[in-house]
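These notes are about the structure you will find just below.
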Ligand code: SF4
Ligand code: SF4
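Residue numbers (this note's numbering): 913 to 1308.
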């Protein structure tokens, strides 16, 4: 049997979708939020199939529906054939880009990605003291680009939790790169992705374990690196997996609060991380569920470059995701991904607060960041660089 992503496998998936009675049509958060029939999974796959078969000439307008997907995989949950429209559409984006008809907002994306990655790698050095930086360590922390860009204060909170959870001295990965490369793949630049991924995997290989704060980075490092033939010798764990494995040492001060947990698509549906965050949160709060949760979670709009290609739809998806919580009277939503956290927080209705799991656990437990995790210098320690205001983000 051929791989689902070989040329034959992709062709088969496209044909199945083209002639499907749209079994997954209600599962797509992009078509639901945009109310565009051309963006239901079957229609997007049919679009790509017509382009592939040469029945429609490749052009920017013809390929436009390919960009209306976050890769969230919700359609796959409802597909009898286990088709993967998200990943197939990403391969269609690469074809469109190679033909010069990629998305007009992403034409110079590799250069922008590189500039942002370098800027954020430098930003880590401004927020983390030197003796907590490095990848020559048993356990390293790779926060992910949006966590560094939008919530750098969370890095010291994460370190304080890791200090409680393990005897290993966790250091923040200082490898000159802040992102595992998923945006390059989603933007239609697989060659650039391959190059970047090889660098990240090579730089991280000195660590036995990498704790990764971004759901798309976890998926990318575990699955897409291997799919591209890039060997990741480092164990890759999400933050909730790392903490759940050390549950006897994580904080347990339950303040009697109820919190909702939002499952990031790339953690729950691709990486199967559903139970770990709930185990960690249950130590300190009563965990409540969205109507759609676990492997049936609904995307926040942050994946697949949608905030770049269809920003209004991306924001509408985040707002729609939180509407249910507002209707229930509001509350706190916890998630395990810097991008989800950012997308949900910026679209949160009144009465709904959004926070990252590591920040919530550290705050709720009253964990005091250890002096050297905050940048407060211990006697004799090297001074860290002065902080500067965050600059305008280029992402997500
Ligand atoms: S993903 Fe499956 S259910 Fe959805 S359109 Fe394709 S074949 Fe049909
Ligand atoms: S992967 Fe998600 S966004 Fe893409 S077509 Fe499927 S349900 Fe829609």
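Ideal Cβ placement from N, Cα and C applies to all residues, glycine included. Note that the structure is predicted; figures quoted are calculated from it, not measured.
Sequence-distant residues of the same chain with beta carbon closer than 6 Å to residue i, five excluded per side
{"i": "residue 1186", "result": "1180 and 1206"}
{"i": "residue 1004", "result": "960 and 978"}
{"i": "residue 1087", "result": "1047 and 1115"}
Secondary structure of residue i, DSSP reduced to three states
{"i": "residue 1247", "result": "strand"}
{"i": "residue 1276", "result": "helix"}
{"i": "residue 1122", "result": "strand"}
{"i": "residue 968", "result": "coil"}
{"i": "residue 1148", "result": "strand"}
{"i": "residue 1208", "result": "helix"}
{"i": "residue 1221", "result": "helix"}
{"i": "residue 1267", "result": "strand"}
{"i": "residue 1162", "result": "coil"}
{"i": "residue 1202", "result": "coil"}
{"i": "residue 993", "result": "coil"}
{"i": "residue 1174", "result": "strand"}
{"i": "residue 1009", "result": "helix"}
{"i": "residue 930", "result": "helix"}
{"i": "residue 1285", "result": "Any reading at residue 1285 must be qualified, since the residue scores a pLDDT of 43, below 50, and its modelled position is unreliable; no value is offered."}
{"i": "residue 921", "result": "helix"}
Residue i CB to nearest heavy atom of ligand 1 below 8 Å
{"i": "residue 988", "result": "yes"}
{"i": "residue 934", "result": "yes"}
{"i": "residue 957", "result": "yes"}
{"i": "residue 995", "result": "yes"}
{"i": "residue 1189", "result": "no"}
Euclidean distance between Cα positions of residue i and residue j
{"i": "residue 1169", "j": "residue 1234", "result": "18 Å"}
{"i": "residue 1041", "j": "residue 1051", "result": "17 Å"}
{"i": "residue 1271", "j": "residue 1070", "result": "7 Å"}
{"i": "residue 1092", "j": "residue 976", "result": "26 Å"}
{"i": "residue 1257", "j": "residue 1063", "result": "11 Å"}
{"i": "residue 1079", "j": "residue 1203", "result": "38 Å"}
{"i": "residue 925", "j": "residue 1007", "result": "16 Å"}
{"i": "residue 1242", "j": "residue 1250", "result": "21 Å"}
Cutoff 8 Å; reference residue i; Cβ partners in own chain excluding five residues on either side
{"i": "residue 935", "result": "990, 991 and 992"}
{"i": "residue 1106", "result": "1140 and 1142"}
{"i": "residue 1192", "result": "1152, 1155, 1156, 1159, 1162, 1269 and 1273"}
{"i": "residue 1120", "result": "1050, 1051, 1146 and 1147"}
Residues of its chain near residue i, where Cβ-Cβ distance is below 7 Å and the 5 sequence neighbours each way are ignored
{"i": "residue 1001", "result": "956, 960, 978 and 981"}
{"i": "residue 1021", "result": "1099 and 1101"}
{"i": "residue 1104", "result": "1022 and 1096"}
Presumed contact (8 Å Cβ cut-off) between residue i and residue j, rounded CB distance
{"i": "residue 1188", "j": "residue 1231", "result": "Going by Cβ atoms, the distance from residue 1188 to residue 1231 rounds to 28 Å, so no, they are not a contact pair."}
{"i": "residue 1174", "j": "residue 1247", "result": "4 Å"}
{"i": "residue 1084", "j": "residue 1067", "result": "6 Å"}
{"i": "residue 1165", "j": "residue 1196", "result": "6 Å"}
{"i": "residue 1182", "j": "residue 1135", "result": "7 Å"}
{"i": "residue 942", "j": "residue 1218", "result": "7 Å"}
Proximity test, residue i beta-carbon vs ligand 2 heavy atom, cut-off 8 Å
{"i": "residue 960", "result": "no"}
{"i": "residue 939", "result": "yes"}
{"i": "residue 1233", "result": "no"}
{"i": "residue 1004", "result": "no"}
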